[in-house]
Amino acid sequence: NERRATSRSPFKELRRRPAGESLRIKIAEFDEQINDRLFLLLAMPIALADMMFVLKPFNLYGALTAVAISLIWTLAFNGKLFDLLEQRRKYQLGFDGERFVGEELSRLIAAGFEIYHDVPFGGFNMDHVLVGKPGVFVVESKTKSKPMDESGTKEYEVVFDGKKLQWPWGAESQDIEQARNNAKTLSKWLTSAVGENVAVSAILTLPGWWIERKAPCDGVQILNPKEIIRVCDSQDVELNDVRIRQICHHLNEKCRIEIQ
Numbered sequence: 078n079e080r081r082a083t084s085r086s087p088f089k090e091l092r093r094r095p096a097g098e099s100l101r102i103k104i105a106e107f108d109e110q111i112n113d114r115l116f117l118l119l120a121m122p123i124a125l126a127d128m129m130f131v132l133k134p135f136n137l138y139g140a141l142t143a144v145a146i147s148l149i150w151t152l153a154f155n156g157k158l159f160d161l162l163e164q165r166r167k168y169q170l171g172f173d174g175e176r177f178v179g180e181e182l183s184r185l186i187a188a189g190f191e192i193y194h195d196v197p198f199g200g201f202n203m204d205h206v207l208v209g210k211p212g213v214f215v216v217e218s219k220t221k222s223k224p225m226d227e228s229g230t231k232e233y234e235v236v237f238d239g240k241k242l243q244w245p246w247g248a249e250s251q252d253i254e255q256a257r258n259n260a261k262t263l264s265k266w267l268t269s270a271v272g273e274n275v276a277v278s279a280i281l282t283l284p285g286w287w288i289e290r291k292a293p294c295d296g297v298q299i300l301n302p303k304e305i306i307r308v309c310d311s312q313d314v315e316l317n318d319v320r321i322r323q324i325c326h327h328l329n330e331k332c333r334i335e336i337q
């Protein structure tokens, strides 16, 4: 404690947020809540058990009452605890997916791209932003567990029909709309910051899934993470070095994290 009070970190901030940073923080909050629930779950039965050993002589009615109270207490806390564990599992899945996509995207550095993760925007975060000569890309990661079919085989394919994603459990379109809205939001913000129009391309990526595209999607490319590098690096040059530096300056300012 004394050393901690007389020393400090050699740097004050991280220049860029790591992939999945906001999810990592949320998982840490869930861990605290789960630990608190576990403590409360165990505290009452342990206290009642200790009391039964202390009290003399042994009272059968008192012991049965203690068991009943412990069961009621356990049932009351189990529901909330299981709910917290399930929510944490979902956030962990999303975090793992963003980290996986982040590792894939790091290969674009060799192609001259600047990469930003978990970019904060008033109440939500954009998973990944790529800036290079081919332009600006915003990547939305959606990580979903693979269900098992009756034979025990994992179903791994998602079909895009031009409007919706056809998952093994049903059709969804909200992820596509989120990616499209992210591109509009980022374009508007960068255009205001730079002073000239900055176009942003939207990418929705689905880690671990095979994607069958039966039709093109207006304004959003739906890709496996391994496809992003090829798609981004094959685009025609749209940005010069000056514009890239301007865009990266504003993103650097937005993505800083202070070190406590």
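Residues in the sequence shown are numbered consecutively from 78, following the numbering used here.
Where a beta carbon is used, it is the ideal one built from N, C-alpha and C, also for glycine.
query, result
"Separation of residue 284 from residue 169, as counted between CA atoms", "14 Å"
"Residue nearest to residue 186 in terms of C-alpha spacing, selected from 203, 292, 265, 307", "307"
"Residues near residue 162 in its chain [Cβ-Cβ closer than 7 Å; skip 5 each side]", "111"
"The alpha helix (DSSP H) enclosing residue 96, as first and last residue numbers", "Looking at the DSSP string, residue 96 is not in any alpha helix (DSSP H), and its letter there is neither H nor E."
"Supposed close pair residue 277, residue 215 - CB separation, criterion 8 Å", "6 Å"
"For residue 264, the first and last residue of its enclosing alpha helix (DSSP H)", "251-271"
"Cβ-based neighbour list, residue 243, same chain, cut-off 6 Å, excluding 5 preceding and 5 following", "236"
"Between the CA atoms of residue 208 and residue 274 - distance to the nearest angstrom", "15 Å"
"Meets three-Cβ-pair contact criterion under 8 Å: the stretch 250-264 and the stretch 313-324", "no"
"Close beta carbons around residue 391, own chain, < 7 Å, minus the five adjacent residues each side", "Only positions 78 to 337 of the chain appear in this structure, which leaves residue 391 out of reach."
"Cβ-Cβ separation, residue 179 to residue 220 (assumed contact under 8 Å), whole Å", "About 12 Å separates the two Cβ atoms, so there is no contact after all."
"Between the CA atoms of residue 106 and residue 305 - distance to the nearest angstrom", "32 Å"
"Supposed close pair residue 176, residue 104 - CB separation, criterion 8 Å", "Not quite, the Cβ-Cβ distance comes to about 12 Å (not below 8 Å), so this is no contact."
"For residue 197, the first and last residue of its enclosing alpha helix (DSSP H)", "Here residue 197 belongs to no alpha helix (DSSP H); instead the beta strand (DSSP E) covers 191-198."
"Close-in-space but distant-in-sequence residues of the same chain around residue 328 (CB under 6 Å, 5 per side omitted)", "193"
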